[in-house]
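Here is the structure we will look at, set down as structure tokens.
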Amino acid sequence: MILIEMEDGGKIVLQLYPEIAPITVANFEKLVSDGFYDGLIFHRVWKDFMIQGGDPKGNGTGGSDKTIKGEFSLNGVNNTLSHTRGVISMARSDSYDSASSQFFIVHADSPHLNGQYAAFGKVLEGMDVVDKIASVKVNNAKKPLAEQKIKSITIISDISNSEDVSAESNTSDVISTENSTEDSSN
């Protein structure tokens, strides 16, 4: 699992699916392990669509040094993960194999993205944080007026001893307790 910790204390826990998008998951986990995302921002925020981050330039034009094969059907890969609320997927340019470090979390179901972008995981906890980020004021380019800074993204072990993902309430209680001093001024 992956923990995205925001500068304001908000936490998002992700489950990744290497069986669906092995290249994408391996690339994302490598960047996480390298600390690539620490201190970056969600530079593109579109309420009722998605929040996007992972660009070291902070404007949508940057990425890591390595690009990867796009794991989606238009590129010959059977990716069965639908772009529903809470799914994490890789951003890319027009080239199918141009994804590097930029990712987005789907804020509202976006089936029009299916088959065109490499979905590779899902939010298990912290959709309230995604909702909060998605609700901030933005400029015409969808860039937040107040920075939505990622403090760190880390690989974590299962924070719940339950193998049943539906037992999210226990995990939620742990995260809610940790977020009790969360600043909601963004």
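Residue 0 is where the sequence shown starts when you use numbering that gives the first Met the number 0, and the numbers rise one by one after that. Ideal placement from N, C-alpha and C gives every residue a C-beta, glycine not left out.
Got a sec, what are the start and stop residues for the alpha helix (DSSP H) residue i sits in?
i, result
"residue 73", "It is not in any alpha helix (DSSP H) - residue 73 carries neither H nor E in the DSSP assignment."
For the ligand MN, I want to know if residue i counts as a neighbour, meaning its beta carbon is within less than 7 Å of at least one of the ligand's heavy atoms.
i, result
"residue 60", "For the structure depicted, the ligand MN is absent and the ligand set is empty, with no information on it obtainable."
In this structure, how does DSSP classify residue i when only helix, strand and coil are distinguished?
i, result
"residue 2", "strand"
"residue 105", "strand"
"residue 24", "helix"
"residue 80", "coil"
"residue 90", "coil"
"residue 117", "coil"
"residue 32", "helix"
"residue 112", "helix"
When the Cα atoms are used, what is the spatial distance from residue i to residue j?
i, j, result
"residue 129", "residue 104", "8 Å"
"residue 65", "residue 142", "25 Å"
"residue 123", "residue 10", "11 Å"
"residue 60", "residue 140", "13 Å"
"residue 96", "residue 73", "11 Å"
"residue 57", "residue 146", "10 Å"
Is residue j closer than 8 Å to residue i when the C-beta atoms are compared?
i, j, result
"residue 106", "residue 50", "yes"
"residue 114", "residue 71", "yes"
"residue 18", "residue 150", "no"
"residue 152", "residue 7", "no"
"residue 13", "residue 22", "no"
"residue 25", "residue 69", "no"
"residue 119", "residue 15", "yes"
"residue 117", "residue 78", "yes"
"residue 154", "residue 32", "yes"
"residue 100", "residue 63", "yes"
"residue 144", "residue 131", "no"
Could you pull out every residue in the same chain whose Cβ sits closer than 8 Å to the Cβ of residue i, ignoring the five residues on either side in sequence?
i, result
"residue 102", "27, 51, 52, 53, 87, 88, 89, 90"
"residue 84", "105, 106, 107, 108, 126"
Go through its chain and collect everything with a Cβ distance to residue i's Cβ below 6 Å, but skip five positions before and after it.
i, result
"residue 112", "82"
Mind checking which residues open and close the beta strand (DSSP E) that includes residue i?
i, result
"residue 10", "10–15"
"residue 50", "49–52"
"residue 131", "Run containing residue 131: none in the beta strand (DSSP E); it sits in the alpha helix (DSSP H), 126–133."
"residue 137", "Residue 137 -> no beta strand (DSSP E), and no H or E assigned at all."
In its own chain, which residues sit with a C-beta less than 7 Å from the C-beta of residue i, not counting the 5 before and 5 after it?
i, result
"residue 46", "106, 133, 134"
"residue 43", "51, 59, 141, 142"
"residue 138", "144"
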